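For the sequence shown, my numbering begins at 105 and goes up steadily by one.
Note that beta-carbon positions come from the ideal geometry of N, C-alpha and C, so glycine has one too.
Model, not experiment: these values are computed from the prediction.
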Amino acid sequence: MVESDTPTIAPGFFWRTEQNSKPAVQLLLLGTFHFSNPGLDAVKFKSADINSDTRQKEIQQLVGNIKKFKPDKIFIEAGIDQQALIDSQYNAYLSGNYKLSANETNQVGFRLAKELGHKKVYCIDYWGTQFPFDSLLKVAKQNRQDELLNSINDKITAVGQEFNAMLLKSTIQQLLAWENTDAMNAENVGFYFKLLKAGDLKNHVGSYLTSEWYRRNLIIYEQMLKELDGREKRIFLMFGQGHTAMIKQFVQYNHELELVPVADVLK
């Protein structure tokens, strides 16, 4: 057997070397509650009264702090099929012909983009997955999994009560800082793993629901990556906290991205 003079190196070495050959893009990942409170989530929250004078001042302060980060691109929770609509609304806003809606994509995304002189905000949401939560509850009930059902109901109630209590005493920035802690992210992701127990050995509704949630967020993350052209130094992604808790996990395995702690920005 003839030995080669060229040392054998695992393929992974080349991958790591390539990834580390240029500075990582800094990513500010901000999980939010839905400012306009559309009621689409399992947990029901009280209105944050976003259009009040007090909340508007708080949002202006929030935008000002994120502006200091100077992101090169802004990604928002809107479907890619809505990009043309969002472009139209944003352009109308720039020309003074559009009144901002109460949702965070407008209140934070549009305002931030305008102050930074951006030509657009990027829509990367994806809705092509299923979330059979009602079916899961039905299966759990059929299998007399009372402990699981009580745990789910107790968690949903507790989260709603805790958020509503925080809402009464906190500014928008304080709320977001609290929502983006490691503890809150762990609670959010961990909830889905509790659902795996639903049903018997022949029913996999829990793992199906959880995998669909993973898939939706993985595609959101994928679509963000596809919008990068290699010239970005800093990017900002703002989505519901349930999404960002999951996306944060994906980013940890990407050497081309570096997470910026939210607490460093929301000071």
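Between the CA atoms of residue j and residue i - distance to the nearest angstrom
i, j, result
"Glu362", "Asn247", "45 Å"
"Ala206", "Asp185", "21 Å"
"Lys218", "Leu341", "16 Å"
"Arg338", "Tyr230", "23 Å"
"Lys371", "Val355", "23 Å"
"Phe237", "Asn284", "25 Å"
"Gly346", "Met288", "10 Å"
"Gly221", "Asp368", "23 Å"
"Ser315", "Ala349", "15 Å"
"Phe179", "Asn257", "33 Å"
"Glu331", "Asp286", "27 Å"
"Lys259", "Asp153", "25 Å"
"Gly264", "Ser151", "12 Å"
"Asn169", "Asn201", "26 Å"
"Tyr197", "Gln130", "28 Å"
"Lys352", "Val366", "12 Å"
"Glu266", "Asp304", "33 Å"
"Tyr357", "Ala281", "24 Å"
"Ala262", "Ser199", "44 Å"
"Gln187", "Glu251", "44 Å"
"Lys177", "Leu271", "29 Å"
"Asn268", "Asn141", "12 Å"
"Phe173", "Ser255", "40 Å"
"Glu336", "Val364", "15 Å"
Residue from the options with nearest C-alpha to residue i
i, options, result
"Ala302", "Tyr296, Phe295 and Gly310", "Gly310"
"Ser239", "Phe139, Leu253 and Asp229", "Leu253"
"Leu299", "Glu181, Phe235 and Asn169", "Phe235"
"Glu181", "Val243, Tyr312, Tyr296 and Leu134", "Leu134"
"Leu241", "Arg215, Gly213, Ser151 and Asn307", "Asn307"
"Asn155", "Gly168, Lys203, Ala196 and Ser125", "Lys203"
"Gly232", "Tyr357, Gln130, Gly183 and Phe214", "Gly183"
"Ala128", "Gly334, Lys352 and Ile351", "Gly334"
"Phe214", "Asn141, Ser255, Leu166 and Thr261", "Leu166"
Supposed close pair residue i, residue j - CB separation, criterion 8 Å
i, j, result
"Phe139", "Gln211", "6 Å"
"Thr136", "Gly344", "6 Å"
"Lys171", "Leu216", "6 Å"
Per-residue burial, residue i [other beta carbons within 10 Å of its own, 16 or more giving buried]
i, result
"Glu326", "exposed"
"His359", "exposed"
"Thr158", "exposed"
"Pro175", "buried"
"Phe297", "exposed"
"Ala244", "buried"
"Lys126", "exposed"
"Leu329", "exposed"
"Leu313", "buried"
Any chain B beta carbon closer than 7 Å to residue i
i, result
"Ile184", "Checking the listed chains, one finds no chain B in this structure; it contains a single protein chain."
Quick check: the segment 217–233 against the segment 183–202, are at least 3 beta-carbon pairs closer than 8 Å?
yes
Contact between the segment 290–307 and the segment 319–327: three or more CB pairs below 8 Å?
no
Between the segment 159–169 and the segment 266–282, can you find at least three pairs of beta-carbon atoms closer than 8 Å?
yes
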